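Numbers given in the numbering used here equal positions in the sequence shown, counted from 1, plus 21. In this text, a Cβ means the ideal position worked out from N, Cα and C, and glycines have one as well. Note that the structure is predicted; figures quoted are calculated from it, not measured.
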Amino acid sequence: MSLSDRLFGAPPSLSQMLPEAEQLLLAHEGDLLPVTFVRHARSRRASLRVDPARRRVVLTAPLRMSRAIAVGFAESQIGWIATRLQHLPARRPFVDGADLPLQGIPHRIRHRPEARGTVWLEEGAINVAGRAEHLPRRLRDWLGSEMRRQVTPLVQEKANRIDRPVKRIAVRDGRSRWGSCGRDGGLSFSWRLILAPPEVLDYLVAHEVAHLVHMNHGPRFWALAESLCAGPMAVPHAWLKANGETLLQYGA
Ligand SMILES: [Zn+2]
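The following block contains the structure:
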């Protein structure tokens, strides 16, 4: 399953997972590789996947599978685990001089300790005032409010087109989903979408607004989502597939 499918689909609810994950360290060529071991009520066999948002490899096993069998499966795939850990996307922390796209346009983070104010844009730079240790939080808060400023009229315009009320729009630090639509008609979106090109946000908004009518991913849902989307859905879909993992690394 691709990352974008996983982010759109209903992820396994936390209640279906046993509370604590176990951190395994598996020996490989003189190294100890970390693997997070979880059990899941719906899993039928042991499986491995990469969780790029949390930069880890996860081993999932059915509730009743013996630990030794599950761990043995991971050990049999140790070469794959080593390769995937090596190729995790680079972290992109919020620090002075780092690059940060804003609606897909490259910007540079500039720490301005001497300046008054908070965060402001200026010729390709995102300036952040205040003390260095507050920079990540200040920037993150600003990106969240920029996201809210962009997404709110977009949601309202699409919801008006299908005559559905939107109860609430939340901007979250979504690491398992880009967006969601609650049964109560509340929509939520990851603040990270403010980093993506505008057509990607448009596409995600079309998707979640279409869920106000169809709470599934059936053909009628997709037809409505397509009609609410400003352009062909294939373009932003492909963009997310190629860049979604990178988006998850910003501010990490
Ligand atoms: Zn959906």
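Run the CB neighbour count on residue i, radius 10 Å, all protein chains shown included, and call it buried at 16 or more, exposed below.
i             : result
histidine 232 : buried
histidine 108 : exposed
glutamate 135 : exposed
glycine 239   : exposed
lysine 188    : exposed
glutamate 41  : exposed
glutamine 171 : buried
glycine 51    : exposed
glycine 20    : Coverage of the chain is limited to positions 22 through 273, which leaves residue 20 absent and any answer about it impossible.
glutamate 178 : exposed
glycine 200   : buried
glutamate 167 : buried
Provide the residue span of the beta strand (DSSP E) that contains residue i, from first to last.
i                : result
phenylalanine 58 : 52-61
histidine 228    : Where histidine 228 is concerned, there is no enclosing beta strand (DSSP E), although the alpha helix (DSSP H) it sits in stretches over 219-231.
glutamate 247    : From DSSP, glutamate 247 is part of no beta strand (DSSP E) but of the alpha helix (DSSP H) over 240-249.
leucine 123      : 120-123
leucine 69       : 68-72
histidine 49     : 43-49
tryptophan 141   : 140-143
alanine 191      : 189-193
leucine 80       : 77-83
alanine 146      : 146-150
Whole angstroms are fine: how far does the CA of residue j sit from the CA of residue i?
i                : j                 : result
arginine 241     : glycine 207       : 21 Å
arginine 129     : alanine 146       : 5 Å
histidine 258    : leucine 106       : 25 Å
leucine 121      : alanine 82        : 38 Å
leucine 142      : alanine 273       : 22 Å
proline 119      : aspartate 223     : Here residue 119 is alanine; the residue named in the question, proline, does not match the sequence. Cα to Cα, the separation comes out at about 26 Å.
aspartate 162    : leucine 225       : 21 Å
tryptophan 243   : histidine 228     : 8 Å
valine 256       : alanine 180       : 22 Å
asparagine 237   : glycine 151       : 46 Å
leucine 249      : aspartate 194     : 25 Å
aspartate 184    : valine 234        : 10 Å
leucine 173      : tryptophan 212    : The residue you asked about is not leucine; residue 173 is threonine in the sequence shown. Taking the straight line from one Cα to the other gives about 12 Å.
glutamate 43     : threonine 104     : 21 Å
phenylalanine 58 : arginine 112      : 23 Å
proline 127      : arginine 169      : 20 Å
methionine 22    : glycine 100       : Reliability of the predicted coordinates at methionine 22 is poor, the pLDDT of 31 falling under 50, and the value obtained from them is presented with this limitation in mind. Spanning the two alpha carbons is a distance of roughly 21 Å.
arginine 76      : leucine 45        : 15 Å
threonine 139    : phenylalanine 115 : 15 Å
serine 97        : alanine 91        : 10 Å
For residue i, collect the residues of the same chain with a Cβ closer than 6 Å to its Cβ; drop the 5 residues on either side in sequence, then sort them by chain order.
i            : result
proline 219  : Gln124
alanine 74   : Arg196 and Leu269
arginine 66  : none
cysteine 202 : Leu208, Glu229 and His232
serine 64    : Thr81 and Pro83
Could you pull the start and end residues of the alpha helix (DSSP H) that residue i belongs to?
i                 : result
phenylalanine 210 : Note, phenylalanine 210: premise wrong, no alpha helix (DSSP H); beta strand (DSSP E) at 207-211.
alanine 273       : Element bounds for alanine 273: n/a, residue is neither H nor E.
threonine 173     : 156-182
isoleucine 99     : 99-107
In chain order, what residues of the same chain have a beta carbon less than 8 Å from the beta carbon of residue i, not counting five sequence neighbours either side?
i              : result
isoleucine 102 : Leu47, His49, Leu54, Val56, Leu69, Val78 and Ala95
leucine 216    : Leu121, Pro122, Leu123, Gln124, Gly125, Leu164, Leu268 and Tyr271
valine 221     : Gly125, Leu214, Pro257, Trp260 and Leu261
methionine 254 : Tyr224, Ala227, Ala246 and Glu247
leucine 175    : Leu222, Asp223 and Val226
For residue i, which residues from the same chain have a beta carbon less than 7 Å from its beta carbon, with the 5 sequence-adjacent residues on both sides left out?
i             : result
alanine 89    : none
histidine 132 : Asp117, Val149, Ala153 and Leu156
alanine 263   : none
leucine 84    : Arg60 and Ala62
aspartate 205 : Lys188
alanine 251   : Glu220 and Asp223
arginine 137  : Ala150
Is any heavy atom in ligand 3 found nearer than 7 Å to the beta carbon of residue i?
i             : result
histidine 258 : Looking at this structure, you won't find ligand 3 anywhere; what it does contain is ligand 1.
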